[in-house]
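S.K.: Take this structure, written in structure tokens, and hold onto it; I'll ask about it next.
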Amino acid sequence: MALLNILHFPDPRLRTVAKPVTEFDAELRKLVSDMFETMYEAPGIGLAATQVDRHIRLLVLDVSEGRNRPRCLINPEIIEADGDEEMDEGCLSVPGYYEKVRRAEHIRVRAQDENGQTSEFEAEGLEAVCIQHEMDHLEGKLFVDYLSNLKRNRIRSKLVKLQKQKAG
Ligand code: K1U
Ligand code: ZN
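Counting from 1202, one number per residue, gives the positions in the sequence shown under the numbering used here.
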């Protein structure tokens, strides 16, 4: 297994729209395994392939308290959504910032697994929020896009400054 590099806002590669997965092979399963390792190590509750500069429709998540309920969604689709709720969101690509975002409260999802098997399930609460957040990544969208221009630009300036400091 390997830890993958996570891209940080405002890296333009985070704006790439991901392509559907068509090959369910050993290379895909290795990427899934590396993404889980990267997510748990970060630590995070989700990770989209876009964030590790792989532009395919793949995301992983684990919102369980015991960090023992890994879920991998490939070519995910939200087929039903209802209600709405506002929750604090963070993002491994926007380190250090948490802001409220309004999302659907209950969703029904259709997705494939690493073997290409399709299934449907319902999600609510943090799991529903996390899936919507990760699916936004696959469209090149970040949670900061829901904030005012002023807030987003402030976050961008602070992260660019930090990245310059780190680069020396
Ligand atoms: O997409 C990402 O960068 C992962 C992100 C997912 C997310 C968090 C909160 C709401 C919606 C989506 C994170 O995991 S940020 C880190 C985080 O929230 C967390 C980390 C460890 C334990 C508990 C939460
Ligand atoms: Zn994120």
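Heads up, the beta-carbon is just placed ideally off N, CA and C, and yes, glycines get one too. Just so you know, these numbers come straight off a predicted model, no measurement behind them.
CB-CB under 6 Å to M1288, same chain, minus the five flanking residues each way: which ones, in chain order?
M.R.: V1330
S.K.: Under the criterion of a Cβ to heavy atom distance below 7 Å, does E1286 qualify as lining ligand 1?
M.R.: no
S.K.: Let me make sure I understand the geometry here. Which of G1267, D1283, E1281 and D1263 has the alpha-carbon closest to that of L1274?
M.R.: D1263
S.K.: Starting from S1234, trace the alpha helix (DSSP H) in both directions and tell me its first and last residue.
M.R.: A1227 to E1242
S.K.: Would DSSP call L1208 helix, strand or coil?
M.R.: Reduced to three states, the DSSP call for L1208 is coil.
S.K.: What ranges does the alpha helix (DSSP H) occupy inside the segment 1286-1352, keeping only unbroken runs of at least 4 residues that lie completely in it?
M.R.: 1326-1339
S.K.: For the putative contact between N1206 and V1261, defined by C-beta atoms under 8 Å, what is the C-beta separation to the nearest angstrom?
M.R.: Contact doesn't hold; Cβ gap of about 16 Å is too wide.
S.K.: Anyone know if the C-beta pair for A1324 and V1310 falls short of 8 Å?
M.R.: With contacts defined by Cβ atoms closer than 8 Å, A1324 and V1310 form a contacting pair.
S.K.: Considering only the beta carbon of each residue, do V1222 and I1257 sit closer than 8 Å?
M.R.: yes
S.K.: Taking 7 Å as the cut-off, is the beta-carbon of E1238 closer than that to any non-hydrogen atom of ligand 1?
M.R.: no
S.K.: How long is the line joining the alpha carbons of G1284 and H1307, rounded to whole angstroms?
M.R.: 6 Å
S.K.: Ligand 1 and A1249: does any heavy atom of the ligand fall closer than 7 Å to the residue's C-beta?
M.R.: yes
S.K.: Nearest-angstrom Cα distance between G1247 and R1355?
M.R.: 25 Å
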